[in-house]
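S.K.:
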Amino acid sequence: MLTLALSKGRIFDETLPLLAAAGIVPSDDPDTSRKLILGTNRNGVSVIIVRASDVPTYVQYGAADAGVAGRDVLLEHGGEGLYQPLDLEIARCRMVVATRRGFDWAAAMQRGARIRVATKYVGTAREHFAAKGMHVDLIKLYGSMELAPLVGLADVIVDLVSSGNTLKANDLIAVEEIMPISSRLIVSPAALKLKRGVMQPFLDAMANAVAERRAA
Ligand code: ATP
Ligand code: MG
10 MLTLALSKGR IFDETLPLLA AAGIVPSDDP DTSRKLILGT NRNGVSVIIV
60 RASDVPTYVQ YGAADAGVAG RDVLLEHGGE GLYQPLDLEI ARCRMVVATR
110 RGFDWAAAMQ RGARIRVATK YVGTAREHFA AKGMHVDLIK LYGSMELAPL
160 VGLADVIVDL VSSGNTLKAN DLIAVEEIMP ISSRLIVSPA ALKLKRGVMQ
210 PFLDAMANAV AERRAA
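Number 225 marks the last residue of the sequence shown (our numbering); no jumps.
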């Protein structure tokens, strides 16, 4: 009846209280269970566990009716075939440009030297630098971006930071803020049309849960 796509880890953990406020409690913990399809306390409501960057794809193709995905992931995906009705204000962090401490970012920009940028977010990074009129070489990575400037793979990285501890531990500093990031509820337009009876109360309950937490 209603299938929700979530990723393990912070998105699952931070969505849980909002789902609970909407009356939905998954019956397994994905950190300890190997199940990929979790039942819930509500008949006909299930949760599927997918990789964070795959959440939009499952919803876009209607394999899940709704899901939770970071703004970072949604920008890379492009958002085609998705409604994004609600910012859940969870998994907050910032997308930044970071360099090795000691790298003269201002001088490199001024020189117009071709800068090598390593990132998981090539689409967002390309747009960011193009908007500044900078030509950069983008190197796609799938993880541990922080390593790239330390071993000479790239001059800078585009990555997510929250506390900044990982940057600090690797002698990197943020030199530009690209945008604030949080996770959003995404919905399949087909599901909204065909399952309005369950979907609309679910969306309303999630919006209420976010508003109540903000007020608390
Ligand atoms: P995978 O580990 O499968 O490659 P991932 O690293 O993107 O995926 P998570 O680390 O769980 O998966 O991140 C999921 C989402 O949480 C990201 O898309 C982003 O929106 C947000 N996020 C990532 N890093 C942080 C952070 N340090 N603090 C807060 N939110 C974050
Ligand atoms: Mg991660």
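Glycine included, every Cβ here is placed at the ideal spot set by N, Cα and C. These numbers come from a predicted model, not from an experiment.
Quick check: the segment 70-85 against the segment 12-26, are at least 3 beta-carbon pairs closer than 8 Å?
M.R.: Under the three-pair Cβ rule at 8 Å, the segment 12-26 counts as touching the segment 70-85.
S.K.: Could you say which of Ile195, Asn217, Ala199 lies nearest to Val64 if we only look at CA atoms?
M.R.: As a working mapping, residue 64 is identified with position 55 in the sequence shown. Ile195 is the residue among Ile195, Asn217, Ala199 whose C-alpha sits nearest the C-alpha of Val64.
S.K.: Near Val165, what residues of its chain come up, given a Cβ to Cβ distance below 8 Å and the 5 sequence neighbours on each side ignored?
M.R.: In the sequence shown, counting from the first residue as 1, residue 165 sits at position 156. Cβ neighbours of Val165 beyond the five flanking positions: Val106, Ala107, Thr108, Phe112, Trp114, Ile124, Arg125, Val126, Ala127, Pro158, Val184.
S.K.: Which class does Glu136 belong to by DSSP, given the choice of helix, strand or coil?
M.R.: Mapped onto the sequence shown, residue 136 falls at position 127. Glu136: helix per DSSP, three-state reduction.
S.K.: By the three-class DSSP mapping on this structure, what secondary structure does Lys129 have?
M.R.: The residue labelled residue 129 in the question sits at position 120 within the sequence shown. Per DSSP, reduced to three states, the secondary structure at Lys129 is coil, with no helix or strand assignment.
S.K.: Determine which residues share a DSSP beta bridge with Ser192 and list them.
M.R.: Within the sequence shown, the letter at position 183 stands for residue 192. According to DSSP, Ser192 bridges with Gly79, Ile99.
S.K.: Going by the DSSP bridge assignment, what does Arg109 pair with across the sheet?
M.R.: By one-based count along the sequence shown, residue 109 stands at place 100. Leu181.
S.K.: Tell me whether Ala100 counts as near ligand 1, meaning its Cβ is closer than 7 Å to at least one heavy atom of that ligand.
M.R.: Against the sequence shown, residue 100 aligns to sequence position 91. It does: the Cβ of Ala100 is within 7 Å (strictly closer) of some heavy atom of ligand 1.
S.K.: Using a threshold of 8 Å, state whether the C-beta atoms of Ala29 and Glu221 are closer than that.
M.R.: By one-based count along the sequence shown, residue 29 stands at place 20. By one-based count along the sequence shown, residue 221 stands at place 212. No, Cβ-Cβ distance for Ala29 and Glu221 is not below 8 Å.
S.K.: Near Leu219, what residues of its chain come up, given a Cβ to Cβ distance below 8 Å and the 5 sequence neighbours on each side ignored?
M.R.: Residue numbering aside, residue 219 sits at position 210 when the sequence shown is read from its first letter. In the sequence under discussion, the amino acid at residue 219 is Val, which differs from the Leu named in the question. Contacts found: Leu27, Leu95, Asp96, Leu97, Glu98.
S.K.: Can you tell which of Ala225, Ala122, Leu83 has the C-alpha that lies nearest to the C-alpha of Ser191?
M.R.: The residue you call residue 191 lines up with position 182 of the sequence shown. Of the candidates Ala225, Ala122, Leu83, the one whose C-alpha sits nearest the C-alpha of Ser191 is Leu83.
S.K.: For Thr66, name the three-state secondary structure that DSSP assigns.
M.R.: Within the sequence shown, the letter at position 57 stands for residue 66. Residue state, collapsed to three classes: helix.
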